[in-house]
Amino acid sequence: MSAVLAILLGLVAFWPGLADMWGRWLAPDSYYGHGPIVPLVSAWIAWSSRREIAGAPVRSDPWGLALVAAAVLVLLASLVLDVHFTQNFALLVALAGSLVVFQGWPRVRRAWFPLAFLVFMIPLPQLAIARLTFELKVLAARIAVGAIDTVGIPVVLEGSTIHLPAVSVTVDDVCSGLRTLIALLAMAALFAYFERGRARAALVLALAAPIAIFANCVRILLLCWLASIGSPAAEKGTLHDLTGLAVYAVALGALAGLRTVWAPGDAPEPAGTVPAVAPAGIRPALPVAAC
């Protein structure tokens, strides 16, 4: 009964942030279209790991209230300042604290990944999205210009606009690759969780961003080529949209392909640690979101 009451109170307290997050997920220009999938994947992994989690003793720890109290303070400050991003992070802290109170640290430690993975459902602040979008589209345009110049085609970069001899191509916000990057980072975290060995898991996480950026640069080069031959698909249309989906598919394939070129077998995890490996039979879901 106390657990149900805590959940109801949490929903009421964190409702403004939850409502904003839901709206950000479903917005037409959302960078977090994969958001609704994240809690489902977390719940699925937690359920699949239920035997391992249940193997830890239940040791209710009142120190979890300290986490809940900290989350409430952050929530109050966020409500006053109308900052939804920190409200939603406070929700995760409150959730972890509540689990510590009712289940104890041993069980929470075994459920660390499903809890941590929920971070990927929280949209970044709009200001951060705008800044990252600008930096990524300029970076992608610079890399594309460098590649075009290498093959001897005259090209000039002005901001995020690529000037070719017969046409100019503007790398707009939608082509920044940020959607692909955000979704691929979530997938990289899943792949890392499934890896046997911390070094390989760290490598998967480290390569996610470079792979996403490289794939988006290839897309921009393709659109530049389409524009140079006079194809309207370079600016809009089904083919333009399909190239965005292809970017994510290629990036995801490259990330997954890393597992096939690594030699099997890793050093065992130190005794007493929670293995960075999912229970047998689990395969990661694929949140689709692309530029």
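Residue numbers for the sequence shown follow this note's numbering, beginning at -18 and rising by one.
We treat Cβ as the ideally placed atom computed from N, Cα and C, and that holds for glycine.
DSSP lists no beta-bridge partner residue for V100. W93 and P135 have their C-alpha atoms some 52 Å from each other. Sixteen is the threshold: since fewer than 16 other Cβ atoms of the shown chains lie within 10 Å of the Cβ of P9, the residue is exposed. Remark: C-beta atoms of A235 and I192 approach each other more closely than 8 Å.
Listed in chain order, the non-local C-beta contacts of R91 below 8 Å within the same chain comprise S30, E33, I34, G36, A37 and V255, local neighbours out to five positions each way being set aside. Under the criterion of beta carbons closer than 8 Å, K118 and S149 do not qualify as touching, at roughly 15 Å. The Cβ neighbour count for L204, taken over all protein chains shown within 10 Å, is at least 16; the residue is labelled buried. At a Cβ-Cβ threshold of 8 Å, W25 and P17 do not count as neighbours. Cβ-Cβ distances below 6 Å link V74 to L48 and A52 in the same chain, with the five nearest sequence neighbours on each side left out; the list follows chain order. Contact between A121 and C198 holds: their C-beta atoms lie close to 5 Å from each other, under 8 Å.
For I143, the enclosing beta strand (DSSP E) covers residues T142 to H144.
By the beta-carbon neighbour count (other beta carbons within 10 angstroms, threshold 16), R88 is buried.
In this structure, the CA atom of Y12 is about 31 Å from the CA atom of I210. Per the Cβ contact rule, the region 157 to 173 is not in contact with the region 125 to 134 (fewer than 3 Cβ pairs under 8 Å).
Between L56 and A(-6) a beta carbon distance of about 6 Å is seen, short of the 8 Å cut, so the two are scored as contacting. A check of alpha carbon separations from Q84 across G(-2), W44 and L(-8) identifies W44 as the nearest. Taken atom to atom, the span from the alpha-carbon of Q68 to that of E139 is near 39 Å. Rounded to the nearest whole angstrom, the CA to CA distance from Y174 to T224 is 29 Å. Secondary structure remark: continuous alpha helix (DSSP H) runs of at least 4 residues inside the region 99 to 131, in chain order: 107 to 131.
No residue range can be given for S157, since it is assigned to no alpha helix (DSSP H) and is classified by DSSP as neither H nor E. Boundaries of the alpha helix (DSSP H) around E33: R31 to A35. Counting every other CB atom within 10 Å of its CB across the protein chains shown gives T114 a total of 16 or more, marking it as buried. Counting the other CB atoms within 10 Å of its CB gives V39 a total below 16, which places it among the exposed residues.
When only Cα atoms are considered, L60 and L239 end up about 43 Å apart.
Contact annotation, S23 with F98: C-beta distance approximately 5 Å; criterion of less than 8 Å satisfied. According to the DSSP assignment, V89 belongs to the alpha helix (DSSP H) that extends over W86 to R91. Taken atom to atom, the span from the alpha-carbon of I103 to that of G4 is near 12 Å.
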